[in-house]
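Per my numbering, the sequence shown runs over residues 8 to 217.
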Amino acid sequence: MTTELERPSEPGRRERKKQETRRALENAALRLFAEQGYEQTTIEDIAEAADVAVRTFFRYFSSKQHVLFGDVAHDITNRLRASFEARPADEPAIEAVRNALDALAFDAEEQQRQIGARLDLMARQPALLGSYYAVFAELTDVVAEYAARHSGHDVNDMFPRLLAVAAIGSAQAALSVWHAGRGAAGQTLDDLCRESYDTLISGLNPLSPR
Numbered sequence: 008m009t010t011e012l013e014r015p016s017e018p019g020r021r022e023r024k025k026q027e028t029r030r031a032l033e034n035a036a037l038r039l040f041a042e043q044g045y046e047q048t049t050i051e052d053i054a055e056a057a058d059v060a061v062r063t064f065f066r067y068f069s070s071k072q073h074v075l076f077g078d079v080a081h082d083i084t085n086r087l088r089a090s091f092e093a094r095p096a097d098e099p100a101i102e103a104v105r106n107a108l109d110a111l112a113f114d115a116e117e118q119q120r121q122i123g124a125r126l127d128l129m130a131r132q133p134a135l136l137g138s139y140y141a142v143f144a145e146l147t148d149v150v151a152e153y154a155a156r157h158s159g160h161d162v163n164d165m166f167p168r169l170l171a172v173a174a175i176g177s178a179q180a181a182l183s184v185w186h187a188g189r190g191a192a193g194q195t196l197d198d199l200c201r202e203s204y205d206t207l208i209s210g211l212n213p214l215s216p217r
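Below you can see the structure in the form of structure tokens.
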């Protein structure tokens, strides 16, 4: 018989199990995409590698492309929106964007492994670049929406759109430097994102070559 004391912990256990299954499917997909190619990997392959039924795959993901980018894009855009909501109303827009991006934090080992795996896959599978850039387009819209609200502009006026494109472009530059191993010794991905944005807002002064 289930006691009143036991009931509150049950949803937590179920949620943890769901998260474990989702991670297992995502990890299996990324590994198989890298080993045998995106097009050559079937949903059945992913389910088998994660030791679940195909119907279980579809409880979490709608397609192979969804497992590759869908939840990553959803999570990061929601986190960025939450970061903007937490910024003080009187904070200058340029500083608020810097601080909101900084709050995303990408230095957890598992996050970096997942990011690196996706970037490796993009290099080998150019057909997936459209989905990759769609993630950045959505992030650009989130920044533009915030900058427009903050400044009283329309979202497609020059200031919010330019700030958004520049800010997300700086994050893309940091990712490229990080993935190429061109950061300074000891620099993390978060360090590079901060450096990239700071370089941008300081007037794009050239850096000394590494």
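Positions of the beta carbon are idealized from the N, C-alpha and C atoms, including for glycine.
Mind checking which residues open and close the alpha helix (DSSP H) that includes residue i?
| i | result |
| --- | --- |
| Pro133 | Taken as a continuous stretch (DSSP letters only), Pro133 belongs to no alpha helix (DSSP H), as it is neither H nor E. |
| Thr63 | Val61 to Tyr67 |
| Ala107 | Ala100 to Asp109 |
| Gly176 | Met165 to His186 |
| Tyr204 | Leu196 to Ile208 |
| Ala56 | Ile50 to Ala56 |
In angstroms with no decimal places, state the Cα-to-Cα distance between residue i and residue j.
| i | j | result |
| --- | --- | --- |
| Pro213 | Ala31 | Only weak support is given to the placement of Pro213: the predicted model assigns it a pLDDT of 49, under 50, and the question is left unresolved by the model. |
| Gln26 | Ser138 | 24 Å |
| Glu202 | Leu108 | 12 Å |
| Arg62 | Leu39 | 19 Å |
| Glu117 | Arg20 | 22 Å |
| Ala174 | Thr147 | 8 Å |
Can the beta-carbon of residue i be found closer than 7 Å to that of residue j?
| i | j | result |
| --- | --- | --- |
| Leu199 | Gly193 | no |
| Tyr100 | Ser158 | Reading off the sequence, residue 100 comes out as Ala, not Tyr. Their beta carbons are under 7 Å apart, which means Ala100 touches Ser158 by this criterion. |
| Ala171 | Ala151 | yes |
| Ser90 | Ala110 | yes |
| Thr1 | Asp114 | Because residue 1 is not part of the residues shown, which for the chain are 8 to 217, the question remains open. |
| Tyr67 | Arg105 | no |
| Val149 | Leu87 | yes |
| Glu145 | Thr84 | yes |
| Ala178 | Pro167 | no |
Please check if any C-beta of chain C sits within less than 7 Å of the C-beta of residue i.
| i | result |
| --- | --- |
| Asp109 | Structure shown: chain C not included; a single protein chain is present. |
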